[in-house]
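Last residue of the sequence shown: number 401 in the numbering used here, and the count goes up by one each step with no gaps.
Worksheet for the structure shown next.
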Amino acid sequence: MPWGLRPLPGPVLIMAVCYTSSPVGPYLEMAIGEPARLGMRPGWCITTMVVDSAESRMGGKLNWGFPKQLGSLVWNSDGAERELRWVERDVVIRGRVMGLPLPMLLPVRTVQRRGDGPVVVPGRLRGRARPARVEVDVPEDDALSPLAGRHAGLHVAGMRLLMRPARQPVGFASTLRAPLRAPEPALCWDAPGRLAQR
């Protein structure tokens with residue numbers, strides 16, 4: 204957990220995302236989020252994130268403090284099954300879609316540590332959600348090995364994820380917008396795609 208943030212109890216968020224378009228073009232992403240708080244503000248702290256786009260990595264790190272790293276990611280889609288593989292670490296997230304899709308609109312808040320200090324990142328996610336069975340394969344000697352196994356999850360089709368500018372916490376209940384750190388096209392993120400999560 205980054206300095207200045209405190210862990211909270213709760214489930215870990217595991218995401219495998221195929222962005223078909225974004226301000227920096229299409230790319231793949233695997234991310235792990237842990238429940239955390241910044242002061243009194245709860246949210247997800249993204250502690251592991253790998254992408255296959257250098258532009259996405261730059262924008263994510265500078266604008267929102269996401270710990271994005273470049274890696275080789277392979278996406279497979281076969282009928283009701285989806286799979287994302289992180290080649291360098293041999294981590295695989297595999298999901299099988301079930302049930303009928305329902306519209307979903309969720310507020311999203313992450314708490315991160317950016318280069319200029321801790322920030323709160325508000326956003327929202329919408330799409331068509333269906334239940335999914337998710338299986339995570341991780342080598343035994345990998346730091347992510349506690350996540351291995353089967354989990355309940357969601358498949359979100361037609362996903363649109365909007366991340367707003369980061370805010371720096373001030374006092375008990377207010378925030379001020381943090382300085383913007385990167386130029387367009389990575390400044391705003393409103394990207395359609397598909398999401399599998401625990």
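Yeah, the Cβ is synthetic: ideal placement off N, Cα and C, and Gly gets one too.
Same chain only: Cβ atoms within 8 Å of residue i, ignoring 5 sequence neighbours per side
{"i": "Pro-304", "result": "Arg-331, Ala-332, Arg-333, Ala-360"}
{"i": "Ile-235", "result": "Val-215, Leu-216, Ile-217, Met-218, Ile-249, Thr-250, Thr-251, Met-252, Leu-347, Leu-350"}
{"i": "Ser-275", "result": "Asp-255, Trp-289, Val-290, Glu-291"}
{"i": "Glu-387", "result": "Its pLDDT being 40, under 50, Glu-387 is placed unreliably by the model, and the measurement read from it follows with that caveat. Closer than 8 Å at Cβ, skipping near neighbours: Pro-226."}
{"i": "Gly-352", "result": "Glu-338, Val-339"}
For residue i, the nearest candidate out of the options (CA to CA)
{"i": "Pro-349", "options": "Gly-207, Ser-224, Leu-216", "result": "Leu-216"}
{"i": "Glu-467", "options": "Ser-225, Pro-321, Met-301", "result": "Residue 467 falls outside the range modelled here, since the chain spans only 204 to 401, and no answer is possible."}
{"i": "Asp-340", "options": "Met-301, Val-323, Gly-356, Asp-293", "result": "Asp-293"}
{"i": "Pro-321", "options": "Arg-299, Glu-286, Ala-369", "result": "Ala-369"}
{"i": "Met-218", "options": "Pro-212, His-358, Gly-268, Val-300", "result": "His-358"}
{"i": "Val-314", "options": "Met-261, Pro-270, Gly-262", "result": "Pro-270"}
{"i": "Arg-260", "options": "Asp-344, Val-227, Met-362", "result": "Val-227"}
{"i": "Gly-263", "options": "Arg-316, Asp-344, Gly-356", "result": "Arg-316"}
{"i": "Asp-345", "options": "Glu-291, Thr-223, Tyr-222, Trp-247", "result": "Glu-291"}
Nearest-angstrom beta carbon gap, residue j and residue i [assumed within contact, 8 Å]
{"i": "Leu-273", "j": "Leu-241", "result": "Actually they do not touch by this definition, with Cβ atoms about 27 Å apart."}
{"i": "Glu-237", "j": "Pro-205", "result": "In fact, because the Cβ distance is near 11 Å, the residues do not count as touching under 8 Å."}
{"i": "Leu-364", "j": "Gly-326", "result": "7 Å"}
{"i": "Arg-244", "j": "Val-323", "result": "6 Å"}
Cβ shell of residue i (< 6 Å), same chain only, five flanking positions each side left out
{"i": "Arg-288", "result": "Val-277, Val-295"}
{"i": "Leu-308", "result": "Arg-329"}
{"i": "Glu-408", "result": "Limits of the chain in this structure are 204 at one end and 401 at the other, which puts residue 408 out of reach."}
{"i": "Pro-342", "result": "Asp-293"}
{"i": "Arg-297", "result": "Glu-286, Glu-338"}
{"i": "Val-279", "result": "Just to set this straight, residue 279 is Asn in the shown sequence, not Val. Glu-286."}
{"i": "Gly-246", "result": "Arg-312, Thr-313, Val-314"}
Cutoff 7 Å; reference residue i; Cβ partners in own chain excluding five residues on either side
{"i": "Ser-377", "result": "Reliability of the predicted coordinates at Ser-377 is poor, the pLDDT of 47 falling under 50, and the value obtained from them is presented with this limitation in mind. Excluding sequence neighbours, Ser-377 sits near nothing in its chain."}
{"i": "Arg-299", "result": "Ala-283, Glu-284, Ala-335, Arg-336"}
{"i": "Met-366", "result": "Trp-267, Val-324, Gly-326, Trp-392"}
{"i": "Gly-302", "result": "Arg-333, Pro-334"}
{"i": "Ser-256", "result": "Val-227, Gly-228, Tyr-230"}
{"i": "Gly-213", "result": "Pro-238"}
{"i": "Pro-306", "result": "Arg-331"}
{"i": "Asp-281", "result": "none"}
Heavy atom of the ligand SAH within 7 Å of residue i beta-carbon
{"i": "Arg-209", "result": "Among the ligands in the structure shown, none appear at all, so the ligand SAH cannot be discussed."}
List in chain order: all unbroken beta strand (DSSP E) runs of 3+ residues lying wholly within the segment 265-347. Correct list: 271-273, 276-281, 284-289, 294-300, 305-317, 320-340.
Where in the segment 229-264 do unbroken runs of the alpha helix (DSSP H), each at least 4 residues long, occur, reported from the N-terminal end onward? Those alpha helix (DSSP H) runs which fall completely within the segment 229-264 and span 4+ residues are 257-262.
Kindly provide the ranges of any beta strand (DSSP E) runs that are 3 or more residues long and lie completely inside the segment 347-371, ordered along the chain. 352-366, all fully within the segment 347-371.
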